[in-house]
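Report on one structure; see the data block that follows.
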Amino acid sequence: YTPSSVVISAAGRVDHEDFVALVTKHFGSWEGVAPTRTLQTLAVRSAVNVVRRDTEQAHLVLGMPGYVRDDDRRYPHLVVDHILGGGMSSRLFEEIREQRGLAYAVHSFRMPFVDTGASAIYVGTTPSQAAEVLKLVRSELAKLVESGVTAEEMVRAKGHVKGSLALSLEDATSRMTRLGRSELVGLDHISVDEVVALVEAVTLDDVLKVASDVYAGPFVLGAVGPFDAASLEEFVA
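Take the sequence shown: its letters are residues 1 to 237, numbered as in the UniProt record's numbering.
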């Protein structure tokens, strides 16, 4: 909570000049400089990390490198992430939960930061089914890397992404948060219409390139349950 780390944003029925005057009145005495960051590039290596617990549930996260917040490839990544594990029509959900009933939860997600990024898949299952589930996850990733996605999947994913964006910004709080977050991490503010256009511009070839870049590994596996790390190493090989 220091001046160099604070961003103040507002949305709704607000006059910009009045808001600036109000902020200046209450925070004008704050002085700070932009924080400097010393970034260190680290090589990602395959690894397995286990928190051993004798439970009836197993929690698994398979992680891969991703993209930073301002990388142009984040839009193809957004689309392909939805196709892979972004909802009940996703490949992982259909294959692992609907068709085989091997998990009570399965989804993929992205984590774009200022200086690094990650992509990951979470599965909640039973310890006895963990190996089969992980084999299926790796199989789906291999299919994605080799063949990409279909035109039908692309249309459906783009529609969901655009719809989710519109719904997420219906209230003033969400708009305020989006503005503040962009300023905080040093990104240009992109309007909703611009984001929609960028999502629409994603091609099948864009998705295949991103899939080959992200989902081919290296892999890091985190597991909570009655496991030994050695028994899971084959799934990050």
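We put the beta carbon where it would ideally sit given N, CA and C, even for glycine.
Taking a 10 Å sphere around the C-beta of F93, we find 16 or more other C-beta atoms and assign the residue as buried. Membership of M176 in the alpha helix (DSSP H) is indicated by the continuous run 172 to 184. Taking 8 Å as the upper bound for CB-CB distance, V161 and R73 are not in contact here, some 15 Å apart. If you check the CB distance, P3 and E31 come in under 8 Å. The Cβ atoms of V195 and F219 lie no closer than 8 Å to each other. The criterion of a C-beta distance shorter than 8 Å is not satisfied by R175 and L167.
Here Y1 is exposed. Its C-beta has fewer than 16 other C-beta atoms within 10 Å. Taken through DSSP and simplified to helix, strand or coil, F93 comes out as helix.
For V50, same chain residues with a beta-carbon under 6 Å away, outside a window of 5 residues either side, are A223, F227, A229 in chain order.
CA-CA distance, D115 to E183, rounds to 15 Å. For M64, the beta-bridge partners assigned by DSSP are S119.
Residue pairing by DSSP places M111 opposite A118 in a beta bridge. Only residues of its own chain outside the window of five on either side were considered, and among them A172, R175, M176 have a CB closer than 6 Å to the CB of A11, listed in chain order. Taking C-beta atoms as the reference points, L62 and A118 fail to come closer than 8 Å. For Y215, same chain residues with a beta-carbon under 6 Å away, outside a window of 5 residues either side, are L141, L144, V145 in chain order. For A197, the number of other beta carbons within 10 angstroms of its own is below 16, and it is reported as exposed.
Taking all protein chains in view, the Cβ of E17 is surrounded by fewer than 16 other Cβ atoms within 10 Å, so the residue is classified as exposed. Note on geometry: alpha-carbon atoms of A130 and S9 lie some 45 Å from one another. M154 is a Cβ neighbour of L204, given a cutoff of 8 Å. A Cβ-Cβ distance of about 6 Å is found for the pair E95 and L136, placing them in contact under the 8 Å criterion.
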